[in-house]
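Participant: Before I ask anything, here is the structure I am working with.
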Amino acid sequence: MHAIAISRAGGPEVLEWREVPDPRPAPGEVLIEVAAAGLNRADLLQRQGFYPPPPGASDVLGMECSGVVTEVGADVEGFSPGDEVCALLAGGGYAEKVAVPWEQVLPVPDGVSLVEAAALPEVACTVWSNVFMVGRLRRGETLLVHGGASGIGTFALQLAKAFGSRVVVTAGSAEKAARCLELGADEAINYREEDFAAKVQADVILDIIGAKYLPGNIAALAIGGRLVVIGLQGGTKGELDLGALLAKRASVYGTTLRGRPVAEKGVIVRGVRENVWPLVSSGAVRPVVHAVVPMAEAARAHRTLESGEHIGKVLLAR
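Structure representation (structure tokens):
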């Protein structure tokens, strides 16, 4: 088959569309003929040599895809050849075929095209596991989402609104802030012009920045608030004011998704299918797609993501 392969770490120019061995489904896995794959920040880090795949995972980039099941291994439950699906991957999505544990596979929701579905698995599983399972966001509470115009941000704000929460986002431009408001955010803060910590008291904060935002995030937490850090775009080491944390009876969580065992991912995927997919099928929550780029032109897609000018997801399509 063909896949996007990397011979060395570097810029987008190292991404090459070339022949690689076909994957085969092991027991408990399904083989998917890929229609589209979603881009994630982690893909950029892996390309640069900073985020290797977990042991045993494909070294081909791509942590989510959509497509059609062509083969199932032994002990697979609920999926058959011909099913249109999308899947959460540990790697391997930038390819014509990928093998994935059946527990990480989801049916394509009603009303979503096969290509659009590639925009869903990573963001849906990330938001559900972090905002709702870890952060325990409840109806009527306030969620602060950093990077509200990102793939994760656009999904998080829609899902939280659908569950009856107030949503505040940060964004880096007036255009992005306006788009977040169109998607349902109650307030959008331009972080280049305003101090988010002075404007909001949040019960849950979903943070992709890390160290740079740590003091501001603690200041922005309400009493009993929960800060969930899922990205480190602003660095790995910051100063934590434990006095402020104790005074607010607040909590700080750090989580990742890619390296978790299949059983843990399966729990998250089942939660998404039960609680999130009905909202997607009803149209209350929709994938936001900025661009669809031919898979062989993955370098162009990476440059788009690196520019930071996108709103929503960037996809690769076969």
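If you're matching positions, the sequence shown starts at 1182 in the numbering used here and goes up one per residue. C-beta: ideal position from N, C-alpha, C; glycine also.
#1: What's the C-alpha gap between L1212 and M1314?
#2: Under DSSP, the alpha helix (DSSP H) around R1335 begins and ends at which residues?
#3: Suppose only complete runs of 4+ residues qualify. What are the alpha helix (DSSP H) ranges in the stretch 1385-1419, listed by chain order?
#4: Secondary structure at S1463, three-state DSSP: helix, strand or coil?
#5: Would you please state the rounded distance, in angstroms, between the beta carbons of V1257 and W1283? I believe it to be under 8 angstroms.
#6: May I ask which residues mark the beginning and end of the beta strand (DSSP E) holding G1219?
#7: Going by DSSP, what residues sit across from G1493 in a beta bridge?
#8: Mapping DSSP to helix, strand and coil, what is A1238?
#9: Going by beta carbon distance, what residues of the same chain come within less than 7 angstroms of I1390, once the five residues before and after it are set aside?
#10: How is the alpha helix (DSSP H) around G1424 delimited, first residue to last?
#11: Pull the bridge partners of A1352 from the DSSP assignment, please.
#12: Starting from the Cα of V1293, find the closest Cα among T1307, V1312, G1334, V1466 and give me that residue.
#13: Taking the continuous alpha helix (DSSP H) assigned at T1251, which residues delimit it?
#14: Check whether the stretch 1378-1393 touches the stretch 1418-1433, taking contact to mean three or more Cβ pairs, one atom from each stretch, closer than 8 angstroms.
#15: Just to confirm, are A1218 and G1274 a CB contact at a threshold of 7 angstroms?
Facilitator: Inspection of the coordinates gives the following:
#1: Against the sequence shown, residue 1212 aligns to sequence position 31. Against the sequence shown, residue 1314 aligns to sequence position 133. Each residue's Cα considered, the two are about 29 angstroms apart.
#2: Sequence index remark: in the sequence shown, residue 1335 carries index 154 (1-based). In the sequence as displayed, the identity of residue 1335 is Thr instead of Arg. It spans 1332-1343 - the alpha helix (DSSP H) in which T1335 sits, taken as one unbroken run.
#3: Listed in chain order, the complete alpha helix (DSSP H) runs (minimum 4 residues) inside the stretch 1385-1419 are 1395-1401.
#4: On the sequence shown, residue 1463 is found 282 positions in, with the first residue counted as 1. Helix.
#5: Mapped onto the sequence shown, residue 1257 falls at position 76. Mapped onto the sequence shown, residue 1283 falls at position 102. V1257 to W1283, Cβ: 4 angstroms. Contact.
#6: Here residue 1219 refers to the residue found at position 38 when the sequence shown is read from its first residue. For G1219, the enclosing beta strand (DSSP E) stretches over residues 1210-1219.
#7: One-based indexing of the sequence shown puts residue 1493 at position 312. Looking at the DSSP assignment, G1493 forms a beta bridge with S1331.
#8: By 1-based counting over the sequence shown, the position of residue 1238 is 57. Note: A1238 maps to coil in three-state DSSP.
#9: Mapped onto the sequence shown, residue 1390 falls at position 209. For I1390, where only same-chain residues beyond five positions count, the Cβ hits under 7 angstroms are H1327, G1412, Q1414, G1415.
#10: For this step, residue 1424 is matched to residue 243 along the sequence shown. Here the alpha helix (DSSP H) through G1424 covers 1423-1428.
#11: For the purposes of this step, residue 1352 is taken as the residue at position 171 of the sequence shown. A1352 pairs with N1371.
#12: As a position in the sequence shown, residue 1293 is number 112, starting the count at 1. Measuring from the Cα of V1293, the nearest candidate turns out to be V1466.
#13: The count along the sequence shown starts at 1 and reaches residue 1251 at position 70. Unbroken run through T1251 is the beta strand (DSSP E), 1245-1253; no alpha helix (DSSP H).
#14: yes
#15: Start at 1 with the first residue of the sequence shown, and residue 1218 comes out as number 37. Start at 1 with the first residue of the sequence shown, and residue 1274 comes out as number 93. Yes, the Cβ-Cβ distance between A1218 and G1274 is below 7 angstroms.
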